[in-house]
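Just below is one structure, and these are the notes that go with it.
Protein chains in written order, with the working numbering: chain F, 4 to 89; chain H, 4 to 89.
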């Protein structure tokens with residue numbers, strides 16, 4: 004396949020997974036309903052995203068640092084509400 | 004910092020974000036409670052993970068393909084339940 008198409012698929016992938024936690028954070032802030040949300044998931048995911056962020060900084064990768072910095076903020080908000088309104 | 008430490012942080016990051024959707028999928032299957040879960044998040048995240056999976060296949064990256072293949076299964080289960088028990 005054309006390398007431009009492969010690159011475009013990668014960029015769509017990065018965009019979707021990076022911004023996906025924004026609607027979840029907005030919903031959680033508005034409703035404070037975290038009953039269906041798994042604490043284990045958000046502990047693992049936030050830890051993982053923080054490690055990706057540190058890995059990005061240490062390996063001087065701007066895309067890894069930026070994408071995971073954005074995700075970390077919104078996943079962190081959901082984790083905070085899950086613990087706060089458990 | 005030592006490159007082995009940087010690599011170890013990256014591996015912990017990959018492990019955490021890959022397996023994080025497993026406890027969410029288990030919780031959702033058991034309780035069928037998806038009220039606090041954002042449909043927008045799971046549509047975006049599952050689309051993104053599918054694109055990462057295709058990108059991994061097309062760019063011949065085993066880690067990208069494998070990690071996103073695993074995440075796709077469990078995020079896909081949560082999306083299915085969210086739509087089914089909306």
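Where a beta carbon is used, it is the ideal one built from N, C-alpha and C, also for glycine.
Could you say which of the options lies nearest to residue i if we only look at CA atoms?
| i | options | result |
| --- | --- | --- |
| residue 88 of chain H | H:39, H:17, H:23 | H:39 |
| residue 70 of chain H | H:9, H:55, H:41, H:84 | H:55 |
| residue 30 of chain H | F:34, F:29, F:41 | F:41 |
| residue 10 of chain F | H:63, H:15, H:36 | H:63 |
| residue 15 of chain H | F:66, F:7, F:57, F:16 | F:57 |
| residue 53 of chain F | H:5, H:4, H:19, H:8 | H:19 |
In its own chain, which residues sit with a C-beta less than 6 Å from the C-beta of residue i, not counting the 5 before and 5 after it?
| i | result |
| --- | --- |
| residue 73 of chain H | 21 |
| residue 24 of chain H | 74, 77, 78 |
| residue 49 of chain F | 78, 79, 82 |
Measure the alpha-carbon distance for residue i versus residue j and round it to whole angstroms.
| i | j | result |
| --- | --- | --- |
| residue 46 of chain F | residue 13 of chain H | 17 Å |
| residue 28 of chain H | residue 68 of chain F | 27 Å |
| residue 35 of chain H | residue 35 of chain F | 19 Å |
| residue 7 of chain H | residue 61 of chain F | 11 Å |
At 7 Å on the CB atoms, spell out the chain H contacts of residue i, in chain order.
| i | result |
| --- | --- |
| residue 37 of chain F | 39 |
| residue 13 of chain F | 58 |
| residue 174 of chain F | This structure does not reach residue 174 of chain F, given that chain F is present from 4 up to 89, and the question cannot be answered. |
If I'm right that residue i touches residue j with Cβ under 8 Å, what's the distance once you round it to whole angstroms?
| i | j | result |
| --- | --- | --- |
| residue 26 of chain F | residue 43 of chain H | 3 Å |
What does residue i touch in chain F if you count any residue whose Cβ is under 7 Å from its own?
| i | result |
| --- | --- |
| residue 27 of chain H | 41, 44 |
| residue 16 of chain H | 51, 54, 55, 58 |
Beta-carbon within less than 8 Å of residue i's beta-carbon, same chain only, minus the 5 sequence neighbours each way: which residues are those?
| i | result |
| --- | --- |
| residue 37 of chain F | 31, 81, 84, 85, 88, 89 |
| residue 17 of chain H | 66, 70 |
| residue 4 of chain F | none |
Kindly list, in the order they appear in chain H, the residues whose Cβ is closer than 9 Å to that of residue i.
| i | result |
| --- | --- |
| residue 31 of chain F | 39, 41 |
Suppose the cutoff is 7 Å on Cβ atoms and the five residues either side in sequence are ignored; what does the same chain contact list for residue i look like?
| i | result |
| --- | --- |
| residue 59 of chain H | 67, 68, 71 |
| residue 33 of chain F | none |
Which residues in chain F have a C-beta closer than 9 Å to the C-beta of residue i? List them in chain order.
| i | result |
| --- | --- |
| residue 22 of chain H | 47, 51 |
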